[in-house]
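**Student:** Take this structure first; my questions come after.
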Amino acid sequence: MNKAYWGSVRFFRHLYTAGFIVLLSLPVCAAFYFWQVGFAATRDMNRIPTESLARDSLEFMGRDVFSYQKKYPDMMVAPAGNRIVSANTVYLTFDDGPSPVTEKVLDVLKHYRIQGTFFVIGEHLDSPAARETVRRILREGHSLGIHSETHRYRKIYASVEAWLDDFAAVEKRLTDITGVRPTLFRFPGGSINVYNSAIYQELIAEMTRRGYVYFDWNVSAGDISNVPVRPETLFANVVSRTPVEKCAVVLMHDSAGKTGTLKALPKIIEHYRAKGLRFDRLQHDTWPVAFGYRN
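Here UniProt numbering is used: the first residue of the sequence shown is 1, the next is one more, and so on.
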């Protein structure tokens, strides 16, 4: 090549022309490259045998996601019919019994000629006295419900299966002792709590599918603590938390040591009576007070 060409005007004209052509070709090359990549991906997807897709779908559909529904097939009761909504009514409920306190609570209710509801723990039914107490509950016209077998939150809320195991155990105890199959229950800690937050919707759905009715509360005496609470404080808690709709499901406890609750009970009853409210027990067809689902 002529040395006069290098660095000449013609050289730079050719250089600019070549660079311009390269710049124009880059988008075309890029488009062609991505088209090839997309085509290759589509081609590879089309190579998946149809029978493999069908087999995978059938395996997923056949997977028993709700295998716990097969547990305890006889643990079913007739679902509630028409729900009874009772305005101006108080439902006194007692958790964690039976205990010697339960007998004294029954004496108070008998004195005032009113009925209550007792949600009991299976492990508290080992003694002859405790078994006689639950018979007395039914004999005197109160409602008897299930609370749990062990009341150990981490154990019973470990899974839906664990919950059903616990529930089946206490249900069998009560049925054997009283000859009556309980259909009411209360979740320990309520239907939604920090221990069952991952499975509470499944628990509620499964127990409802089996026909059982659970009850939360809208008034609490505040006696859940193991530390003794003054009767005046418990009474003030109930009075301040009475719902505006005047249908109160009152949470109290009748486990051993709840003497404050026992002492506050007459004053609580008299307070509601003075307001013109009636007392009743929870039943299978009572419209349940339940906590709302959390998003």
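The beta-carbon is built from N, C-alpha and C at its ideal position, and this holds for glycine as well.
It should be emphasised that the depicted structure is a prediction, and the values quoted were computed from it without experimental measurement.
From the DSSP secondary-structure annotation, give me the bridge partner or partners of Y91.
**Tutor:** Counting from 1 along the sequence shown, the entry for residue 91 is found at position 91. Beta-bridge pairing links Y91 to V249.
**Student:** Quick check on L277: does DSSP put it in helix, strand or coil?
**Tutor:** Along the sequence shown, one-based indexing puts residue 277 at 277. In this structure, L277 counts as coil in the three-state DSSP scheme.
**Student:** On the DSSP letters alone, give me the boundaries of the beta strand (DSSP E) that H284 sits inside.
**Tutor:** Along the sequence shown, read from residue 1 onward, the residue named residue 284 stands at position 284. Per DSSP, H284 belongs to no beta strand (DSSP E) and is neither H nor E.
**Student:** Does the beta carbon of V229 sit closer than 8 Å to a beta carbon anywhere in chain C?
**Tutor:** This model lacks chain C altogether, as it is built from one protein chain only.
**Student:** Do G122 and T93 have their beta-carbon atoms positioned less than 8 Å apart in this structure?
**Tutor:** Numbered from 1 along the sequence shown, position 93 holds the residue referred to as residue 93. Numbered from 1 along the sequence shown, position 122 holds the residue referred to as residue 122. No. Outside cutoff.
**Student:** State the Cα-Cα distance for the pair V227 and P266, rounded to the nearest angstrom.
**Tutor:** To locate residue 227, count along the sequence shown from 1; it is residue 227. To locate residue 266, count along the sequence shown from 1; it is residue 266. Cα-Cα distance, rounded: 21 Å.
**Student:** Does DSSP put H142 in a helix, in a strand, or in coil?
**Tutor:** Sequence index remark: in the sequence shown, residue 142 carries index 142 (1-based). Residue state for H142 is assigned as coil, using DSSP reduced to three classes.
**Student:** First and last residue of the alpha helix (DSSP H) that includes T102?
**Tutor:** By 1-based counting over the sequence shown, the position of residue 102 is 102. It spans P100 to Y112 - the alpha helix (DSSP H) in which T102 sits, taken as one unbroken run.
**Student:** Just to confirm my understanding: we take K275, look at its own chain, exclude 5 residues before and 5 after, and list those with CB closer than 7 Å. What are they?
**Tutor:** To locate residue 275, count along the sequence shown from 1; it is residue 275. So no residue of the chain qualifies.
**Student:** Which runs of the beta strand (DSSP E), 3 residues or longer, sit entirely within the region 168-253?
**Tutor:** Look at the region 168-253 and you find these whole runs of beta strand (DSSP E), each 3 residues long or longer: 247-253.
**Student:** List the DSSP bridge partners of T117.
**Tutor:** Taking the sequence shown and counting its residues from 1, the one referred to as residue 117 is at position 117. DSSP output for T117 lists T93 and S143 as bridge partner(s).
**Student:** My understanding is that G145 touches F185, with C-beta atoms under 8 Å, so please give their C-beta distance in whole angstroms.
**Tutor:** Along the sequence shown, one-based indexing puts residue 145 at 145. Along the sequence shown, one-based indexing puts residue 185 at 185. Correct: roughly 5 Å between the Cβ atoms.
**Student:** Can you list, in chain order, the residues of its chain whose CB lies under 6 Å from that of T89, leaving out five sequence neighbours each side?
**Tutor:** Position 89 of the sequence shown, counted from the start, is the residue given in the question as residue 89. Excluding sequence positions up to five before and after T89, its CB lies within less than 6 Å of the CB of C247, R278 and D280, all in the same chain and listed in chain order.
**Student:** Between which two residues does the alpha helix (DSSP H) containing K71 stretch?
**Tutor:** For this step, residue 71 is matched to residue 71 along the sequence shown. K71 -> no alpha helix (DSSP H), and no H or E assigned at all.
**Student:** Which two residues bound the contiguous alpha helix (DSSP H) that contains I156?
**Tutor:** Position 156 of the sequence shown, counted from the start, is the residue given in the question as residue 156. It spans Y153 to I156 - the alpha helix (DSSP H) in which I156 sits, taken as one unbroken run.
**Student:** Expressed to the nearest angstrom, what Euclidean distance is found between the alpha-carbon atoms of V238 and W217?
**Tutor:** The residue given as residue 238 occupies position 238 in the sequence shown. The residue given as residue 217 occupies position 217 in the sequence shown. V238 and W217: Cα-Cα distance of roughly 12 Å.
**Student:** From residue 302 to S67, what does the alpha carbon distance come to, in whole angstroms?
**Tutor:** Limits of the chain in this structure are 1 at one end and 295 at the other, which puts residue 302 out of reach.
**Student:** Leaving out five residues on either side along the sequence, give the residues of the same chain with a beta carbon under 8 Å from the beta carbon of I84.
**Tutor:** Mapped onto the sequence shown, residue 84 falls at position 84. Cβ neighbours of I84 beyond the five flanking positions: Q283, D285, T286 and W287.
**Student:** Determine the contact status of L234 and A198, defining contact as a CB-CB distance below 8 Å.
**Tutor:** Counted from its first residue, the sequence shown places residue 234 at position 234. Counted from its first residue, the sequence shown places residue 198 at position 198. For L234 and A198, no; Cβs fall outside 8 Å.
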